[in-house]
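> Please find one structure pasted underneath; my questions will follow.
In the UniProt record's numbering, the protein residues as written are 1 to 736.
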């Protein structure tokens, strides 16, 4: 043999590893070859396998209307295979070549996953046929015998790994074990089971299970704390190929198959693989307002297109921002059976040095110094909560856990966050894994407005203790309204419990800078307030600054207003408005001053969420003290109108009509419309070159709804000058 050949042979061998006899088992899709006949020694001449019990057919009861998918709440998955949940029995029927004789015939079932199935790893599961099923443990028993057929009830373990298993029936004969041939039609998906008390994701409220596991449409709350806005998002966890795409994500994250029964591990690796930062995961983030060679984050209407594109291309899908990461993560969790919900935290702190303090530095004139100011306050930030027990933490920290797929900071060298116990965050127990200090800082923090004195002393002009994390919300159960869950994350501002939770967080290592060594003497006898008039995009509007002088002194205030066009992350793109004036403040009275913001000042630079950030600072000339405040405001963006034509019956053709009138004083160019509705129609897109000002666009789409019941249609419009335009419509699809 030549040296080259032997070198090639060496290469083909698996790499030696002193710690493991088998290579890592990461892939649910890869298979090993299972022999149809395993000799038990020497096989005598004349041995004919056909003389023994033989499987002719296996019937899986896998249709949506049949017993298994009905009892396991998996009838909505658009998937031809059997899908069941762990810890709960399911039925199969085996047809033999003759009647089964329990006295002499011996057979068992084998469930296998991956390329290197091992019993101690839970990837090879032999199930003998017994007389009784033990709750939550693997087992099988015969429930019915008739002619050549038997009916089996099979119980999967309540802690088994989740994913796609291959099924074999093995029959014992004196000389060999005979197995059924590999048959993909008998593959069985096993998922988490929130209906099973022994499962780590058990949820005891049926309405919550219906919402957090089975609802395939949700609401994303955005805007800002004073102007909460909402839009629908299609999770589509039951759509065709989505389950396989979600299982592939765990392969991509290289989560060992043996770890896939643990929701903590699954959430941890998924929060990294949802974003593309260090592992070429699902979504590439972009906060630049420039989305060449991709889709603007605001144009997506749901998760399905993103997951399926990634599953087929294996290349990160462009582009996402926080609600897109959270929407796709929610689909992943619900699809696998982990109860999940999408959360919005308004005025979310991105605290670069995690000291529970966001610093805004002012220059001598009272303007914000953008070079020195590094921290930012996001108008809102979306993450997810997943429901599970936490056996790795002390009792009481199970339940909702924060998981976040948006790449913000690294955790153990990867861009990921969570699972962090919501209970632990509320009580300040931030020592418990994973990433609790980061989440604690997002919802608790003080804003410091400060400037340097001439002698180099840092002077604090204002401390705002209530701005950060002032409203945390999610969709209500069973409706489209908003549920305020702020009190699940924090105690009431200023309460003894809040102070105790903060002291606990500091004790466990959260940095909190002392204010003893800095000068802070605010002007206490004058209040300043700032309000922005509600306005529609493309129109002028006014902002009002009000002073209330509670003293008996007269003051004059040199007031400075800075209007900035910002990303929803609070990062400034450009200052578009500056205005200063002198205000005379009479004793014991209020005075208001209006400033007009013209559309011509902001339209050319406007970013997609029509978001502004105003800083107002006023120097009281008599005392030298500075009043400071900041406020985010959002313009009203016009909506799409959706209506239907024809009978709304499953299996019959109907039409969906989308209309939009251009409200701007300019032509919209490169317009893309998207429309989708789980169970009614797959995502459809249409491009329009231009829509002149004041003209109306109409788009009609024909479709045949599949699923009866209350469904939701969701549409979005995206163009160069206008984004974040949405419309939605609830439709009741009747049974034929």
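Glycine is no exception: its CB is placed at the ideal position from the N, C-alpha and C atoms.
(1) Starting from the C-beta of residue 89, find all residues in its chain whose C-beta is less than 7 Å away, skip the five residues before and the five after it, and write them out in chain order.
(2) Does residue 537 come out as helix, strand or coil in the three-state DSSP assignment?
(3) For residue 242 versus residue 255, is the C-beta distance shorter than 7 Å?
(4) Measuring only the C-alpha atoms, how far is residue 598 from residue 578?
(5) Given a cut-off of 7 Å, decide if residue 417 and residue 271 are closer than it, judged by their beta-carbon atoms.
(6) So, under 8 Å CB-CB, residue 469 and residue 489 are touching, yes? Tell me the CB distance rounded to an integer number of Å.
(7) My guess is that residue 282 and residue 247 are in contact by the Cβ rule of under 8 Å, so how many angstroms apart are they, rounded?
(8) Of all the alpha helix (DSSP H) runs that stay within the bounds of the segment 572-628, which reach a length of 4 or more residues?
(9) Check for me: the alpha helix (DSSP H) holding residue 191 runs from which residue to which?
(10) Consult DSSP for residue 274 and reduce its assignment to one of helix, strand or coil.
(11) Is DSSP giving residue 399 helix, strand or coil here?
(12) Could you tell me which residues DSSP puts in a beta bridge with residue 644?
(13) Thinking C-alpha only, which one of 362, 663 and 669 is nearest residue 615?
(14) Measuring alpha carbon to alpha carbon, tell me which residue in 664, 76, 138 and 685 is nearest residue 123.
(15) DSSP beta-bridge partners for residue 493?
(16) Indicate the three-state DSSP secondary structure (helix, strand or coil) for residue 282 in the structure shown.
(17) If you draw a straight line from the alpha carbon of residue 325 to that of residue 180, how long is it in whole angstroms?
(18) Given this structure, state the Cα-to-Cα distance separating residue 645 from residue 220, to the nearest angstrom.
(19) Provide the residue(s) that pair with residue 448 in DSSP beta bridges, ordered along the chain.
(20) Does the distance from the CB of residue 592 to the CB of residue 544 come in under 7 Å?
(21) Where does residue 731 fall in DSSP's three states?
(22) Measuring CB to CB, does residue 213 end up less than 7 Å from residue 390?
(23) Assuming the contact rule is C-beta atoms closer than 8 Å, residue 129 and residue 165 should be a hit. Round their C-beta distance to whole Å, please.
(24) Please list the segments of the beta strand (DSSP E) lying wholly inside the segment 148-181, counting only runs of 3 or more residues, in order along the chain.
(25) So, helix, strand or coil for residue 6, using DSSP?
(26) Whose C-alpha, out of 443, 526, 530 and 493, is nearest the C-alpha of residue 377?
(27) As an exercise, report each continuous alpha helix (DSSP H) stretch of at least 4 residues that is fully enclosed by the segment 66-122, in chain order.
(28) Can you give me the C-alpha to C-alpha distance between residue 60 and residue 105, rounded to a whole angstrom?
(29) Check this for me: beta carbons of residue 101 and residue 158, under 7 Å apart or not?
(30) In the DSSP assignment, the alpha helix (DSSP H) including residue 423 goes from what residue to what residue?
(31) Any idea what DSSP makes of residue 376, helix, strand or coil?
(32) In angstroms with no decimal places, state the Cα-to-Cα distance between residue 491 and residue 484.
(33) Does the segment 526-541 come into contact with the segment 617-634, if we say contact requires no fewer than three beta-carbon pairs (one atom in each stretch) closer than 8 Å?
(34) Would you mind reading off the limits of the alpha helix (DSSP H) that contains residue 310?
(35) Inspect the beta-carbon positions of residue 714 and residue 728 and report whether they are closer than 7 Å.
(36) Comparing alpha-carbon positions, which option in 113, 73, 44 and 95 lies nearest residue 32?
Working from what's here:
(1) 133, 153, 154 and 155
(2) coil
(3) no
(4) 12 Å
(5) yes
(6) 7 Å
(7) The pair is not a contact, with the Cβ atoms about 13 Å apart (cut-off 8 Å).
(8) 599-602
(9) Run containing residue 191: none in the alpha helix (DSSP H); it sits in the beta strand (DSSP E), 188-191.
(10) coil
(11) strand
(12) 656
(13) 362
(14) 138
(15) Paired residues: none, contrary to the question.
(16) coil
(17) 43 Å
(18) 28 Å
(19) 359 and 463
(20) yes
(21) strand
(22) no
(23) Not quite, the Cβ-Cβ distance comes to about 18 Å (not below 8 Å), so this is no contact.
(24) 149-155, 163-172 and 176-179
(25) Here residue 6 scores only 43 on pLDDT, less than 50, and its place in the model is too uncertain to base an answer on.
(26) 443
(27) 67-71
(28) 22 Å
(29) no
(30) 422-427
(31) strand
(32) 13 Å
(33) yes
(34) 304-313
(35) yes
(36) 113
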